[in-house]
């Protein structure tokens, strides 16, 4: 089977790439200054970097929060909740929580049917190595499959949204139900200071109007048990009624990707992935095959640009990596067949959808205006420093 990239014209702009990172005009609204520096770099240097401290200032700040978590957790089996995927960020976060901060976290994992063998190995290596408790929520596969099939049939760019939705929703719903006041997440500036634009398939997973419209049009069974959490639910109800707080410790400590990989390997026999998000076989397929070949968007540009800005990767190395597919062609074709079979498509059916008319979230009902307004308010308040667009 041969599936070449579709001949997609991403936009009508003349091609331009940032002179500092590798973000380019495949982001149709990207802007550059007179020196060719893109807005992501400008945002990093003027908004993120001056307010990001991983030295003694950051440690003092985060240790105050950790002490508060420990004090409020006295007498409980666990003092916080951490979602673990087996990826680098969450694995390192768990290590820090136990060994540096002295917390007693309950680890929470969502099995959505796409775990790679490496992710399973890494999760158990961390859990066993640190002697922590793990709770695994297994998603109803028929419902998971139906929503993923619906998103693929809808032809939108965001076909990994069902997985993101279930990971996020399960964690927050569990925290609220079991009265956890603190969720620690692995979100960080060190490897994620450049956020993928919405048009690259990075639309908000918590827009349930969008999710429901696509499922109504293309789904076949009710989502009776599928975990969901609308943005208003977790921003208002869970925050102000249930009192759930989100803490991002990795933004307050040194976090150098190569050093962390070495540490986890030595301490837990942890296995690194070829690239970010490859702990899920579906996400690996989506980011390595579906998104770049069907729509013309390569998320590695954002991932590597983050590493360039934080001095963990050279621009030359990033350009070399993005000049070729992340996985060999034979592996990509095997993954295409695997995804088709697992989602009950024939190879011919999935190929026809791959070649179908490309669409985006704007083609379906959504809350983008409301969510964008909320994001801008958070940016004005200094609660969100990355560029969202």
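In the numbering used here, the protein residues as written are 500 to 888. All C-beta atoms in this analysis are idealised placements derived from N, C-alpha and C, irrespective of residue type, glycine included.
*Quick one: what does DSSP say residue 603 is sitting in, helix, strand or coil?*
Residue numbering aside, residue 603 sits at position 104 when the chain shown is read from its first letter. In the displayed model, residue 603 falls within coil according to three-state DSSP, outside both helix and strand.
_Beta-carbon proximity check, residue 652 vs residue 717, cutoff 8 Å_ = Here residue 652 refers to the residue found at position 153 of the chain shown. Here residue 717 refers to the residue found at position 218 of the chain shown. Yes, the pair counts as a contact, with Cβ atoms nearer than the cut-off.
*By the 10 Å Cβ neighbour count, where 16 or more other Cβ atoms means buried, how is residue 778 classified, buried or exposed?*
Counting from 1 along the chain shown, the entry for residue 778 is found at position 279. The residue is buried, with at least 16 neighbouring Cβ atoms inside 10 Å.
*asked:* Please identify the residue among 711, 536, 526 whose C-alpha is closest to the C-alpha of residue 864.
replied: For the purposes of this step, residue 864 is taken as the residue at position 365 of the chain shown. Among 711, 536, 526, the Cα nearest to that of residue 864 belongs to 711.
*Any idea what DSSP makes of residue 640, helix, strand or coil?*
By one-based count along the chain shown, residue 640 stands at place 141. In this structure, residue 640 counts as helix in the three-state DSSP scheme.
_Rounded to whole angstroms, what is the Cα-Cα separation between residue 578 and residue 680?_
Taking the chain shown and counting its residues from 1, one reaches residue 578 at position 79. Taking the chain shown and counting its residues from 1, one reaches residue 680 at position 181. Straight across, the Cα-Cα distance linking residue 578 with residue 680 is about 8 Å.
*Can you tell me whether DSSP reads residue 783 as helix, strand or coil?*
As a first step, residue 783 must be located in the chain shown, where it is residue number 284. Note: residue 783 maps to helix in three-state DSSP.
*Can the beta-carbon of residue 650 be found less than 8 Å from the beta-carbon of residue 641?*
For the purposes of this step, residue 650 is identified with residue 151 of the chain shown, where counting begins at 1. For the purposes of this step, residue 641 is identified with residue 142 of the chain shown, where counting begins at 1. Going by C-beta atoms, residue 650 is not nearer than 8 Å to residue 641.
*From this set, 620, 731, 669, which residue's C-alpha is nearest residue 634's C-alpha?*
Here residue 634 is taken as the residue at index 135 of the chain shown, counted from 1. Looking at the Cα atoms, 669 is the closest of the given residues.
_When 742, 803, 769 are compared against residue 571, the one with the closest alpha-carbon_ = Walking along the chain shown from the start, residue 571 turns up at place 72. It is 742.
*At a cut-off of 7 Å, is residue 764 close to the ligand MN when judged by its beta-carbon and the heavy atoms of the ligand?*
Absent from the structure shown: the ligand MN. Ligands present: none.
*Spatial neighbours of residue 500 in its chain, beta-carbon cut-off 6 Å, leaving aside the 5 residues before and after*: Counting from one through the chain shown, the residue named residue 500 turns up at place 1. Annotation note: pLDDT 49 at residue 500 (below 50); position unreliable, coordinate value reported separately. Correct list, in chain order: 832.
*Answer yes or no: do residue 553 and residue 753 have a C-beta to C-beta separation smaller than 8 Å?*
As a first step, residue 553 is located in the chain shown; it is residue number 54 there, counting from the start. As a first step, residue 753 is located in the chain shown; it is residue number 254 there, counting from the start. Yes, these two residues count as a Cβ contact at 8 Å.
*Alpha carbon of residue 818 to alpha carbon of residue 547, nearest angstrom*: If you number the chain shown from 1, residue 818 lands on position 319. If you number the chain shown from 1, residue 547 lands on position 48. Rounded to the nearest angstrom, the two C-alpha atoms are 24 Å apart.
*Between the segment 761-777 and the segment 729-749, are three or more C-beta pairs nearer than 8 Å?*
no
*As assigned by DSSP and simplified to three states, the class of residue 739*: As a working mapping, residue 739 is identified with position 240 in the chain shown. Taken through DSSP and simplified to helix, strand or coil, residue 739 comes out as helix.
*Tell me, which residues are paired with residue 682 by DSSP?*
Along the chain shown, one-based indexing puts residue 682 at 183. Bridge partners of residue 682: 580, 745.
*Would you list the residues sitting across from residue 610 in a DSSP beta bridge?*
Counting from one through the chain shown, the residue named residue 610 turns up at place 111. Residue 610 pairs with 637.
*Closer than 6 Å by C-beta to residue 519: which residues in its own chain qualify, once you throw out the five before and the five after it? Chain order, please.*
Taking the chain shown and counting its residues from 1, the one referred to as residue 519 is at position 20. If we look at residue 519 and ignore the five residues flanking it on each side, its Cβ neighbours are 536, 540.
*asked:* Rounded to the nearest angstrom, what separates residue 862 and residue 560 at their Cα positions?
replied: One-based indexing of the chain shown puts residue 862 at position 363. One-based indexing of the chain shown puts residue 560 at position 61. When rounded, the distance between both Cα atoms is 44 Å.
*Pairwise C-alpha distance: residue 821 and residue 514*: Taking the chain shown and counting its residues from 1, one reaches residue 514 at position 15. Taking the chain shown and counting its residues from 1, one reaches residue 821 at position 322. Looking at the two C-alpha atoms, the distance is approximately 16 Å.
*Quick one: Cα of residue 526 to Cα of residue 574, how far?*
To locate residue 526, count along the chain shown from 1; it is residue 27. To locate residue 574, count along the chain shown from 1; it is residue 75. About 50 Å.
*Would you mind sorting residue 627 into buried or exposed? The rule is 16 or more other CB atoms within 10 Å of its CB.*
Stepping through the chain shown from its first residue, residue 627 is reached at position 128. Counting Cβ neighbours within 10 Å, residue 627 comes out exposed, since fewer than 16 surround it.
*Beta-carbon separation of residue 696 and residue 592 under 8 Å?*
Counting from one through the chain shown, the residue named residue 696 turns up at place 197. Counting from one through the chain shown, the residue named residue 592 turns up at place 93. Not a contact, by the Cβ cut-off of 8 Å.
*Measure from the alpha carbon of residue 876 to the alpha carbon of each residue in 550, 611, 734, 857, then state which is nearest.*
Position 377 of the chain shown, counting from 1, holds the residue named residue 876. Nearest of 550, 611, 734, 857 to residue 876, Cα basis: 734.
*Can you grab the Cα-Cα spacing for the pair residue 814 / residue 788, in whole Å?*
Locating residue 814 in the chain shown gives position 315, counting from the first residue. Locating residue 788 in the chain shown gives position 289, counting from the first residue. Near 23 Å, if we compare the C-alpha coordinates of residue 788 and residue 814.
*Return helix, strand or coil for residue 523, following the three-state DSSP convention.*
Locating residue 523 in the chain shown gives position 24, counting from the first residue. Of the three classes helix, strand and coil, the one that applies to residue 523 here is strand, per DSSP.
*Thinking residue 794 and residue 834 are a contact (beta carbons under 8 Å), I'd like their distance in whole angstroms, please.*
On the chain shown, position 295 is the one that residue 794 refers to. On the chain shown, position 335 is the one that residue 834 refers to. No, residue 794 and residue 834 are not in contact; Cβ-Cβ is about 17 Å, not under 8 Å.
*Per DSSP, which one or two residues make a beta bridge with residue 531?*
Numbered from its first residue, the chain shown carries residue 531 at position 32. Residue 531 is bridged to 537.
*Taking the continuous alpha helix (DSSP H) assigned at residue 557, which residues delimit it?*
By one-based count along the chain shown, residue 557 stands at place 58. Start and end: 555-571.
*Looking at the unbroken alpha helix (DSSP H) that takes in residue 727, where does it start and where does it end?*
Here residue 727 corresponds to residue number 228 of the chain shown, with the count starting at 1. Run containing residue 727: none; DSSP gives neither H nor E here.
*Return helix, strand or coil for residue 632, following the three-state DSSP convention.*
Reading the chain shown from its first residue, position 133 is the one you call residue 632. Looking at residue 632 - three-state DSSP - the assignment turns out to be strand.
_I need the straight-line Cα distance from residue 827 to residue 678, nearest angstrom please._
Translated into the one-based positions of the chain shown, residue 827 becomes position 328. Translated into the one-based positions of the chain shown, residue 678 becomes position 179. Cα-Cα distance, rounded: 46 Å.
_Considering only their Cβ atoms, is the gap separating residue 842 from residue 644 smaller than 8 Å?_
As a working note, residue 644 is residue 145 in the chain shown. As a working note, residue 842 is residue 343 in the chain shown. Going by C-beta atoms, residue 644 is nearer than 8 Å to residue 842.
*Report the residue from 617, 636, 614, 587 whose alpha carbon sits nearest the alpha carbon of residue 607.*
Counting from 1 along the chain shown, the entry for residue 607 is found at position 108. The shortest C-alpha separation from residue 607 is found at 636.
*For residue 755, three-class secondary structure by DSSP*: Along the chain shown, one-based indexing puts residue 755 at 256. Looking at residue 755 - three-state DSSP - the assignment turns out to be coil, as it is neither helix nor strand.
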